Every structure is written in C-alpha cells, then in structure tokens.
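First comes the structure, then the notes that go with it.
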Amino acid sequence: VFDDFSYLAIGAIAVDPSNTQTIYAGTGDRNFGGGSYNGNGLYKSTDLGENWTNIGLQQVGIITSCIVHPAQPNQILVGALGDGFAKTTQRGVFRSTDGGATWQNTLFVSDSSGVCEMIADPQNPDVVYAATFNRVNLFGGSITTGPDSKIFKSTDAGATWTQLTTGLPSTPLSRVGIAISATNSNKLYAVYVDQNYQIYDVFLSNDAGLSW
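In terms of the numbering used here, the sequence shown opens at residue 86 and continues consecutively.
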C-alpha cells in the first residue's frame, strides 16, 4: 500500500470502533535510532486498508499512538514523539474533531520531547493518559533522557491535560510506559526507564492517577 515510501515505518494503527472498515495508520519509527526515518503524517483508509489517504500531520515526524473516540468517530487523538533529528514544536498530542480535516496541538511539553505512549480508559473514552520523554538524535549526540519523563491525564477527550505528579519521580529519566486495567479504570501501572536504559521503577495507582 505504501510502496512509494521505501523507508516509511508505521508507529501506530487504530481501527474506528464504530466502523471497522475505517483504519488509521501513523507513520514514523517509534523506536528510532540513527538509521531510522521520520514519517510523513497520518493515513486513513475507509475500505479495510485497500486504499489510503494522507489526512495531515506531515510535520510531526514520528507518530506513536492514535485513538478514535468510540462514540464520536470524527474525534481523533494522535500522540507524536516529534522529529527524530531536530528540535521542533510539532510534538505532543494532536486532536481533531472533524475526522482529520484540521488538527490542534493540545499537549506540548518541550521541543525535545514528545508522546511515547497514549491510552484511553476502556470504561470512559473521555479519560486519556499520555506519557512523554526526551528523545532526539542531533548532530554530534543524541538526547535520550531529560526532565520530561512525565505522565499527563485528560478528562475531556484530549482537549486539555493535567500532569500527574503525586508519588511519581521528578528526576531526569528516560522512556515511560503506562497501562490501565481492563476491568478497573482506577488501577494504572507506569514503568520508568533510567538514564542507563535500565528499569528505574514500576508504579501503581489505585485512584486513577491521583497518587502512585
């Protein structure tokens, strides 16, 4: 399908829960290294992947996640790690309420960090969590750790975000992962990687992220 792009990686796939004929594919290598490539935006198929149309976000570099609201299919959230090889402001969470015709950057942390993980509450799709960290390959050196190893929460389907802090580390770290229980929306897990690329710690929240 993407034969015109010899080095185009796919960092995220999302199926519209209300219409499984519709699929979204976010481009870019979410685990990129020196030999990786940026993507060129988000693609949409309405025929089970037979044909694809680029619907924007060509400048965000690497897309790591995509969430389609199950009750409002025109409402799409995209998590972007950003340009893998330059500091830019096109990073974080992008939100569309018109099926991808227009996009708004609703979460931006810094020009060297972006979203590495984004999940929605399976019981309430208006509740979304996003994890960020610092990651850019620059000429002469790479940024793989920093102060932006953070977790954010939205209760309005990604329109606004609040950082979760109580019990979570504030020291410079690396990648962050987050998961939510399928049966108990109050139970969350988070894993942090340290500056030596080892597991720093695993955290548990039993109150939907208020404390860990």
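Beta carbons: idealized from backbone N, C-alpha and C, even for Gly.
None of these values were measured; they are calculated from a predicted model.
Cβ-Cβ distances below 8 Å link C201 to R115, T149, G164, L166, A216, T217, F218, R220, R260, V261, G262 in the same chain, with the five nearest sequence neighbours on each side left out; the list follows chain order. The beta-bridge partner set that DSSP reports for D286 consists of Y277.
Going by DSSP, G164 is part of the beta strand (DSSP E) stretching over 161–165. G96: member of the beta strand (DSSP E) spanning 95–100, first to last residue. According to the DSSP assignment, G225 belongs to no beta strand (DSSP E), since it is labelled neither H nor E. Distance from the CA atom of F179 to the CA atom of A275, rounded to whole angstroms, is 22 Å. Here D183 is exposed, its C-beta having fewer than 16 other C-beta atoms within 10 Å. Put simply, of N209, L142, G225 the residue whose alpha carbon is nearest the alpha carbon of T187 is L142. A straight line joining the alpha-carbon of Q280 with that of S227 spans about 12 Å.
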